[in-house]
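Read the structure below first, then the notes.
Protein chains: 2
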Amino acid sequence: MLNYLSCSQEELLKEKAVLEKTYQDYVSQHLKLDMSRGKPAGSQLDLNNDILNTLETYITEDGTDARNYGILDGIPEAKNLFSDLLGIPTEKMIIGGNSSLNLMYDNFVRLMLFGSQGNTPWCKLDKIKFLCPSPGYDRHFAICEDLGVEMIMVPMKEDGPDMDYVESLVAKDESIKGIWCVPLYSNPQGVCYSDAVVERLASMKTAAKDFRIFWDNAYGVHHIYEEHTLKDIFEATKAAGNEDRVYYFFSTSKITFPGAGVALIASSESNIAEIKKHMTVQTIGHDKINQLRTVNYFKTADGIRAHMKKLADELRPKFDVVLNTLERELAGTGLLTWAKPDGGYFVAVDTLEGCAKATVALAKDAGVVLTGAGATYPYKNDPQDRNIRIAPSYPTLEELTKAIELFCVCVKLAGVNKLLEDKVDEEEAI
Amino acid sequence: MLNYLSCSQEELLKEKAVLEKTYQDYVSQHLKLDMSRGKPAGSQLDLNNDILNTLETYITEDGTDARNYGILDGIPEAKNLFSDLLGIPTEKMIIGGNSSLNLMYDNFVRLMLFGSQGNTPWCKLDKIKFLCPSPGYDRHFAICEDLGVEMIMVPMKEDGPDMDYVESLVAKDESIKGIWCVPLYSNPQGVCYSDAVVERLASMKTAAKDFRIFWDNAYGVHHIYEEHTLKDIFEATKAAGNEDRVYYFFSTSKITFPGAGVALIASSESNIAEIKKHMTVQTIGHDKINQLRTVNYFKTADGIRAHMKKLADELRPKFDVVLNTLERELAGTGLLTWAKPDGGYFVAVDTLEGCAKATVALAKDAGVVLTGAGATYPYKNDPQDRNIRIAPSYPTLEELTKAIELFCVCVKLAGVNKLLEDKVDEEEAI
Numbered sequence: 017m018l019n020y021l022s023c024s025q026e027e028l029l030k031e032k033a034v035l036e037k038t039y040q041d042y043v044s045q046h047l048k049l050d051m052s053r054g055k056p057a058g059s060q061l062d063l064n065n066d067i068l069n070t071l072e073t074y075i076t077e078d079g080t081d082a083r084n085y086g087i088l089d090g091i092p093e094a095k096n097l098f099s100d101l102l103g104i105p106t107e108k109m110i111i112g113g114n115s116s117l118n119l120m121y122d123n124f125v126r127l128m129l130f131g132s133q134g135n136t137p138w139c140k141l142d143k144i145k146f147l148c149p150s151p152g153y154d155r156h157f158a159i160c161e162d163l164g165v166e167m168i169m170v171p172m173k174e175d176g177p178d179m180d181y182v183e184s185l186v187a188k189d190e191s192i193k194g195i196w197c198v199p200l201y202s203n204p205q206g207v208c209y210s211d212a213v214v215e216r217l218a219s220m221k222t223a224a225k226d227f228r229i230f231w232d233n234a235y236g237v238h239h240i241y242e243e244h245t246l247k248d249i250f251e252a253t254k255a256a257g258n259e260d261r262v263y264y265f266f267s268t269s270k271i272t273f274p275g276a277g278v279a280l281i282a283s284s285e286s287n288i289a290e291i292k293k294h295m296t297v298q299t300i301g302h303d304k305i306n307q308l309r310t311v312n313y314f315k316t317a318d319g320i321r322a323h324m325k326k327l328a329d330e331l332r333p334k335f336d337v338v339l340n341t342l343e344r345e346l347a348g349t350g351l352l353t354w355a356k357p358d359g360g361y362f363v364a365v366d367t368l369e370g371c372a373k374a375t376v377a378l379a380k381d382a383g384v385v386l387t388g389a390g391a392t393y394p395y396k397n398d399p400q401d402r403n404i405r406i407a408p409s410y411p412t413l414e415e416l417t418k419a420i421e422l423f424c425v426c427v428k429l430a431g432v433n434k435l436l437e438d439k440v441d442e443e444e445a446i
Numbered sequence: 017m018l019n020y021l022s023c024s025q026e027e028l029l030k031e032k033a034v035l036e037k038t039y040q041d042y043v044s045q046h047l048k049l050d051m052s053r054g055k056p057a058g059s060q061l062d063l064n065n066d067i068l069n070t071l072e073t074y075i076t077e078d079g080t081d082a083r084n085y086g087i088l089d090g091i092p093e094a095k096n097l098f099s100d101l102l103g104i105p106t107e108k109m110i111i112g113g114n115s116s117l118n119l120m121y122d123n124f125v126r127l128m129l130f131g132s133q134g135n136t137p138w139c140k141l142d143k144i145k146f147l148c149p150s151p152g153y154d155r156h157f158a159i160c161e162d163l164g165v166e167m168i169m170v171p172m173k174e175d176g177p178d179m180d181y182v183e184s185l186v187a188k189d190e191s192i193k194g195i196w197c198v199p200l201y202s203n204p205q206g207v208c209y210s211d212a213v214v215e216r217l218a219s220m221k222t223a224a225k226d227f228r229i230f231w232d233n234a235y236g237v238h239h240i241y242e243e244h245t246l247k248d249i250f251e252a253t254k255a256a257g258n259e260d261r262v263y264y265f266f267s268t269s270k271i272t273f274p275g276a277g278v279a280l281i282a283s284s285e286s287n288i289a290e291i292k293k294h295m296t297v298q299t300i301g302h303d304k305i306n307q308l309r310t311v312n313y314f315k316t317a318d319g320i321r322a323h324m325k326k327l328a329d330e331l332r333p334k335f336d337v338v339l340n341t342l343e344r345e346l347a348g349t350g351l352l353t354w355a356k357p358d359g360g361y362f363v364a365v366d367t368l369e370g371c372a373k374a375t376v377a378l379a380k381d382a383g384v385v386l387t388g389a390g391a392t393y394p395y396k397n398d399p400q401d402r403n404i405r406i407a408p409s410y411p412t413l414e415e416l417t418k419a420i421e422l423f424c425v426c427v428k429l430a431g432v433n434k435l436l437e438d439k440v441d442e443e444e445a446i
């Protein structure tokens with residue numbers, strides 16, 4: 017494989033000509049593919065269709081008519097199902113509507129307006145800040161931006177956020193009120209937090225008394241290759257005497273239907289009591305019929321796990337195509353680095369510095385829409401312009417194969433252009 | 017009919033003895049009835065069960081897969097259905113989740129945190145106040161209480177809030193930021209706002225530039241006897257140049273299922289743009305499958321209207337029982353006043369001053385739970401302790417008959433006790 021970093025200007029110019037021709041061939045194919053979001057493909061959703069016809073009864077275990085008003089925090093059988101699946105006691109849990117993002121946003125809003133456990137509401141403070149391990153999930157960052165919360169970028173390492181840096185920040189700055197975490201198969205890199213990282217997050221000393229971890233376990237059962245496990249954050253915070261520190265989020269959006277699943281929030285019992293106090297004013301209750309549908313469809317936690325294996329079988333060939341094509345086309349070129357994720361929904365790659373935007377723009381001009389470059393960083397600002405999130409789930413295998421081949425051409429072309437620019441700069445500097 | 021107000025002490029004592037015996041007969045029956053909330057009965061919900069099996073497709077009119085992510089503001093066919101039903105242009109509308117209360121709460125929260133149309137966020141102001149026509153809906157008042165908004169009671173008249181009073185308040189106090197309205201078959205009195213009231217609300221001068229009407233048209237198609245219509249508030253605010261003044265709410269909670277219906281918020285296009293800006297951060301989208309179910313079930317606005325006639329046929333006998341029993345047992349006694357509602361979910365009554373709490377307590381001790389006395393006023397404080405909300409929908413006709421007969425006994429007993437106390441006070445005062 018040609019290592020572009022050691023090429024001469026002449027070699028690069030030759031390579032550029034070849035790449036531009038290949039790129040134009042793709043342009044002339046008028047591709048139209050959206051790989052911008054982590055959306056399941058229709059074929060994957062088809063595997064869940066039976067849930068729409070699965071309702072056996074509308075009376076819940078405790079005798080409630082699920083069609084009617086009543087039950088703020090979720091029907092008992094739904095709580096039990098997710099308790100078994102995630103190892104969270106039902107007392108720590110509220111089942112919400114169809115969106116865990118909605119639960120996160122509303123929870124952040126409550127902290128802004130009311131504060132937690134007697135601490136000052138965050139909106140009454142001059143400034144509050146949140147730690148954003150990056151690359152990370154753009155919708156988390158958007159919540160901070162919407163609510164006027166300053167974001168501090170924290171580098172991601174192979175086993176989670178850079179904890180030395182996190183600990184040093186939170187120890188001294190009481191305006192740092194929390195951290196966003198996707199602890200298993202993180203969005204976008206697929207990083208799985210090590211036990212040590214979970215323990216340090218749970219036990220670290222924070223200047224803010226009301227420091228909060230938003231623990232978005234979005235991919236908690238979304239294994240694709242090797243199955244990873246996650247240390248129980250509630251046990252860790254309990255052991256450290258920080259029981260109120262964590263809000264845990266989960267949903268079936270990528271288990272059943274993204275538009276019509278069931279979401280949950282879990283926290284300490286005293287935090288849950290606090291949430292319910294306001295939630296009971298906000299709504300009489302979430303959609304209990306849909307909770308029943310979910311329980312009737314899966315029956316047990318093992319039912320969900322078995323279903324996730326089917327979904328993994330659907331997703332794995334797509335991840336294979338992405339990873340194999342990257343390996344074949346770009347390993348050893350010096351133009352791209354990436355790590356193989358074992359689950360989740362994304363493959364994150366890093367281009368040469370200053371090449372992510374150009375690569376995404378080239379792909380877009382050839383009809384393949386990727387997640388915007390920079391989106392994985394706070395304020396959409398990737399300081400090195402390197403990270404790109406590839407979402408393999410939505411296209412068909414055939415479409416994906418073509419799209420990722422085009423992507424590799426774009427990486428090379430943007431990389432070669434950058435290397436040529438650098439050579440010009442070097443000459444001018446002489 | 018005995019007019020208790022003109023009875024002597026002796027007559028009252030005699031009557032009291034009879035009433036206490038009758039009351040004890042009810043107590044010994046160990047009734048257990050909940051008439052506290054406006055919940056549809058199971059038999060009424062049974063009329064909607066087909067909606068659970070009605071889904072014809074999961075692809076929406078515009079080709080979106082309703083199972084997947086996408087569409088923040090509602091599927092086009094749902095917007096069209098409610099646009100036809102309510103006469104609201106689709107551009108002014110967002111279809112939400114299962115709860116209009118949730119849309120109201122979230123909308124209030126946005127006004128607190130972000131303000132509207134460039135005005136100061138309400139949480140940044142020292143104090144804000146809201147007008148609460150009373151008796152009114154306790155959950156509206158709870159939102160104000162939760163968010164720390166001072167409530168000002170406004171008397172209800174036969175055709176809506178006392179507009180002279182409303183206009184005099186809002187003209188001079190810019191901390192008054194809005195008013196709660198249930199404009200058709202109001203909760204609890206069944207008051208229908210006249211055209212003049214709607215026009216005055218739409219056009220009145222307000223000291224606050226960002227004065228907002230929360231227009232909760234909860235019973236917009238919930239006719240029981242004579243059908244009333246409601247003047248179009250959007251046309252009225254447009255004519256008056258106050259297009260941003262109104263947020264309109266509606267839901268199918270009492271059309272299909274209270275726990276699993278579809279809700280909407282409507283407002284000026286510029287307010288809707290403002291809402292979407294934040295809502296797109298809060299959620300990727302609401303449950304589109306349930307929106308499709310609703311459309312597939314009703315097909316057209318006329319389909320909803322025909323369905324509402326069936327529900328009215330189910331509810332009318334219950335309202336008949338309440339109204340006929342009150343008439344038979346209490347007309348001319350001087351102990352209770354009420355107005356016949358033509359729609360909605362409640363019959364509101366007024367006892368003698370200082371008798372509502374005692375009446376509700378007597379009913380409770382005999383096993384019939386009514387809405388708490390005072391609940392229909394801000395801070396749960398009915399200054400005259402007179403108003404009681406009767407919710408006839410949930411019990412069976414048989415249960416209701418018994419419950420309302422007991423209720424009449426409680427009204428009389430509490431009334432007689434009060435009149436006897438007054439006589440003692442009079443004597444002591446001599």
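Those protein sequence lines, which keep their order, are chains Z and Y. Using the working numbering, you'd call the opening residue of the first sequence number 17 and step up by one each time. Using the working numbering, you'd call the opening residue of the second sequence number 17 and step up by one each time. Note that the Cβ used here is the ideal one computed from N, Cα and C, for glycine as well. Since the structure is predicted, the reported quantities are computational estimates derived from the model, not experimental observations.
- Interface criterion not met: the Cβ of cysteine 148 (chain Z) is under 8 Å from no Cβ in chain Y.
- Tyrosine 393 (chain Z) is outside the set of residues whose beta carbon lies under 8 Å from a beta carbon in chain Y.
- Straight-line spacing of the CA atoms in glutamine 133 (chain Y) and lysine 193 (chain Y) works out to 14 Å.
- Cysteine 424 (chain Y) is positioned such that its CB atom lies no closer than 8 Å to that of leucine 331 (chain Y).
- Taking C-alpha positions only, aspartate 211 (chain Y) is separated from leucine 246 (chain Y) by approximately 7 Å.
- DSSP places alanine 282 (chain Y) inside the beta strand (DSSP E), whose first and last residues are 279-282.
- Listed in chain order, the non-local C-beta contacts of glycine 370 (chain Y) below 7 Å within the same chain comprise Asp401 and Lys434, local neighbours out to five positions each way being set aside.
- Residues of the stretch 300-317 of chain Y whose Cβ lies closer than 8 Å to any Cβ of chain Z, in chain order: Ile300, Gly301, His302, Asp303, Lys304, Ile305 and Asn306.
- For the C-beta of histidine 294 (chain Z), the chain Y residues within less than 7 Å are, from N- to C-terminus, Asp162.
- Annotation for arginine 83 (chain Y): no alpha helix (DSSP H) segment contains it, and DSSP assigns it neither H nor E.
- Just measuring C-alpha positions, the residue of Z:Phe362, Z:Thr310 and Z:Cys139 sitting nearest alanine 279 (chain Z) is Z:Thr310.
- About 6 Å separates the beta carbon of cysteine 197 (chain Z) from that of isoleucine 229 (chain Z), a gap short enough to meet the 8 Å contact definition.
- The criterion of a C-beta distance shorter than 8 Å is satisfied by tyrosine 201 (chain Y) and tyrosine 235 (chain Y).
- By the Cβ test, the stretch 165-172 of chain Z is in contact with the stretch 135-151 of chain Z, since at least three Cβ pairs between them sit closer than 8 Å.
- Assignment of histidine 239 (chain Z) by DSSP, reduced to helix, strand and coil, places it in the strand class.
- Interface flag for alanine 289 (chain Y) against chain Z is unset, since no Cβ pair is found closer than 8 Å.
- The residue from Z:Gln307, Z:Pro333, Z:Phe266 and Z:Pro399 with its alpha-carbon nearest to that of valine 170 (chain Z) is Z:Pro399.
- About 14 Å separates the CB atoms of alanine 276 (chain Z) and asparagine 312 (chain Y); that is not less than 8 Å, and the two are not in contact.
- A Cβ-Cβ contact shorter than 8 Å links glycine 113 (chain Y) with aspartate 303 (chain Y).
- Scanning chain Y for C-beta atoms nearer than 7 Å to the C-beta of isoleucine 159 (chain Z) yields Val297, reported in chain order.
- Contact note: tyrosine 235 (chain Z) does not reach chain Y at a C-beta cutoff of 7 Å; the least C-beta distance is about 16 Å.
- DSSP lists Z:Phe230 as the bridge partner or partners of tryptophan 196 (chain Z).
- If only uninterrupted alpha helix (DSSP H) runs of at least 4 residues are considered, those enclosed by the stretch 82-136 of chain Y are 92-102 and 116-130.
- For tyrosine 39 (chain Y), the enclosing alpha helix (DSSP H) stretches over residues 25-43.
- Taking 8 Å as the cut-off, the beta carbon of proline 56 (chain Y) is found closer than this to the beta carbon of proline 274 (chain Y).
- Of the residues Z:Gln25, Z:Ala94, Z:Met51 and Z:Glu36, the one whose Cα lies closest to the Cα of glutamate 437 (chain Z) is Z:Gln25.
- Scanning Z:Phe265, Z:Phe250 and Z:Phe335 for the CA closest to the CA of asparagine 258 (chain Z) turns up Z:Phe250.
- For lysine 247 (chain Y), no alpha helix (DSSP H) run applies, since DSSP gives it neither H nor E.
- Runs of the alpha helix (DSSP H) lying entirely within the stretch 147-202 of chain Y, each at least 4 residues long, are 154-162 and 179-188 in chain order.
- In the assembly as shown, arginine 216 (chain Z) is a buried residue. Its beta-carbon has 16 or more other beta-carbons within 10 Å.
- With 16 or more neighbouring CB atoms inside 10 Å of its own CB, methionine 51 (chain Y) falls in the buried class.
- The beta carbon of glycine 301 (chain Y) is closer than 7 Å to those of Tyr85, Gly86, Ile87 and Leu88 in its chain, skipping five residues each way along the sequence.
- Put simply, of Z:Ala94, Z:Val207, Z:Phe157 and Z:Ala223 the residue whose alpha carbon is nearest the alpha carbon of valine 182 (chain Z) is Z:Ala223.
- Residues of chain Y whose Cβ lies closer than 8 Å to the Cβ of valine 125 (chain Z) are, in chain order, Val125 and Leu129.
- Taking a Cβ-Cβ cut-off of 8 Å, aspartate 189 (chain Z) has no neighbours in chain Y, whose nearest Cβ is about 24 Å from it.
- For chain Z, the residues of the stretch 99-116 of chain Y that bring a beta carbon within less than 7 Å of one of its beta carbons are Gly113, Asn114 and Ser115, in chain order.
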